[in-house]
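In full-length UniProt numbering, the protein residues as written are 1 to 314. Glycine included, C-beta positions come from ideal geometry on N, C-alpha and C.
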Amino acid sequence: MRSISDRIPSSPLRVPASPSRFSLSSPPSRNDPLNLSLETVIKLTRNFSPALMIGESYFGKAYRMDLQNGLIVAIKRARKEHFASLHAEFKNEIALLKKIEHRNLVQLLGYIDKGNERIVITEFVANGTLREHLDGLHGLILGFGQRLEIAIDVAHGLTYLHLYAADFGFARIGSTDPGQSEIQTDVKGTAGYVDPEYLRTNYLTVKSDVFSYGILLLEILSGRRPIEVNRGGREKITVRWAFERYNKGNVQEILDPMLTEAVNEDILNKIFDVMFQCVAPTRADRPHMKEVVEKLWKIRRDYAKTQNRAEGSL
């Protein structure tokens with residue numbers, strides 16, 4: 001029987017830069033900050049028209065907005081029912097986003113904090129969402145190599161945030177104290193991605209982000225959402241369904257059936273090992289994101305070798 005709490009070894013000091021060869025779209029170019037009024041945003045989004053909505057989460061809705069100079073941006077509008085609880089976190093998020101610069105993270109272009117409106121303006125990344133590509137809505141199914149590159153890119157972005165902006169990631173920050181490793185908050189997140197220890201303790205740490213990343217990695221590899229509402233029984237919670245197969249050594253059954261290529265089972269064992277370490281029930285048993293990146297890079301090199309051998313045998 002396997003254990004999901006196996007620890008991975010200490011990491012070297014340097015992490016290689018991600019090549020992003022298979023990213024869903026090229027990294028956005030850096031743009032000058034914007035100074036837009038609330039009235040302009042309302043006009044350009046046609047009063048936040050549903051036709052321009054590109055995403056939605058617990059915290060709010062995201063819209064596409066076309067500026068008069070031809071630049072396309074994305075805006076995130078906070079839900080009004082969360083204004084009181086998210087006021088400090090909104091300020092902290094803005095302060096943080098002003099500082100970060102990474103090829104795998106969108107650039108903050110501006111924000112609005114006026115009356116009962118809190119809006120963040122960022123670069124717009126075209127080519128659809130990861131979920132759309134996993135569902136094949138754009139006509140092509142992501143190959144295993146593409147999924148591995150996307151997973152590495154996301155891990156690089158989160159590692160950067162953990163190194164340069166402590167305790168910020170999938171879980172929102174609730175304190176500006178840089179020496180604080182634990183944050184008490186009543187923030188909620190997207191169902192299925194939230195650290196179960198947060199649900200028990202109301203505390204967030206960088207390891208909460210690691211759990212969320214592990215769930216995302218499973219989604220990338222399996223094609224399944226964290227919670228499959230249309231499935232019954234033990235298949236409803238994807239991580240539990242996957243662990244049953246992983247624990248029996250049936251890792252091929254976890255892989256997205258839409259993938260047509262054969263993937264070496266040793267490669268799958270290694271990447272699912274990393275994934276289940278990330279979603280370990282207790283934070284102490286989860287690796288840091290820097291270690292996750294290093295593990296994934298080694299898997300990427302091993303995968304490339306298997307591909308080269310396969311091509312050489314043709």
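Check your understanding: Name the DSSP bridge partner or partners of LYS114?
Key -> GLU117
Check your understanding: Rounded C-beta distance between LEU161 and ILE220? I'm assuming under 8 Å.
Key -> With 8 Å as the limit, LEU161 and ILE220 do not qualify as a contact, their Cβ atoms being about 19 Å apart.
Exercise for review: Report the three-state DSSP secondary structure of GLU56 (helix, strand or coil).
Suggested key: strand
Review point. What whole-angstrom Cβ distance do SER222 and THR238 have, given they're in contact under 8 Å?
Key: 6 Å
Review point. The alpha helix (DSSP H) with ALA151 in it runs from where to where?
Key: 144-164
**Study point:** Cut-off 6 Å between Cβ atoms - residues of its own chain near LEU67, not counting five sequence neighbours on either side
**Key:** none
Review point. By how many angstroms is the C-alpha of ASN230 removed from the C-alpha of MET53?
Key: 25 Å
**Study point:** Limits of the alpha helix (DSSP H) - the one that LYS270 falls within
**Key:** 265-278
Review point. What do you reckon, are the CB atoms on MET289 and ALA155 nearer than 9 Å?
Key: yes
Practice item. From the DSSP output, read off the bridge partner residues of ASP66. Key: ILE72
Review point. If you follow the alpha helix (DSSP H) that PHE124 is part of, which residue opens it and which one closes it?
Key: Note, PHE124: premise wrong, no alpha helix (DSSP H); not H, not E.
Check your understanding: Taking LEU217 as the reference, which of ARG245, ARG234, PHE272 has the closest Cα?
Key -> PHE272
Review point. Touch check for the segment 89-103 and the segment 132-140: three-plus C-beta pairs under 8 Å?
Key: no
Review point. Rounded to a whole number of angstroms, what is the C-alpha to C-alpha distance between THR122 and LEU105?
Key: 10 Å
Review point. So, helix, strand or coil for TYR303, using DSSP?
Key: helix
Practice item. Please confirm whether LEU259 and PHE90 have their CB atoms less than 9 Å apart. Key: no
Check your understanding: By DSSP, does residue 350 sit in helix, in strand, or in coil?
Key -> Absent from the structure is residue 350, since the part of the chain shown begins at 1 and ends at 314.
Point to revise | Run of the alpha helix (DSSP H) containing LEU217, from where it starts to where it stops | key: 206-222
Review point. Around the C-beta of PRO50, are 16 or more other C-beta atoms found within 10 angstroms, so that it is buried, or is it exposed?
Key: exposed
Check your understanding: Relative to the alpha-carbon of LEU148, which residue among ASN308, LYS295, ARG309 has its alpha-carbon at the smallest distance?
Key -> LYS295
Practice item. Name the residue from ASN47, VAL293, ILE299 whose alpha carbon lies nearest to the alpha carbon of LEU158. Key: VAL293
Review point. Looking only at its own chain, which residues have a Cβ that is under 7 Å from the Cβ of HIS102, when we skip the five neighbours before and after it?
Key: GLY157, TYR160
Check your understanding: Based on Cα-Cα distance, which residue from PRO196, GLU261, ASP32, ASP302 lies nearest to VAL73?
Key -> ASP32
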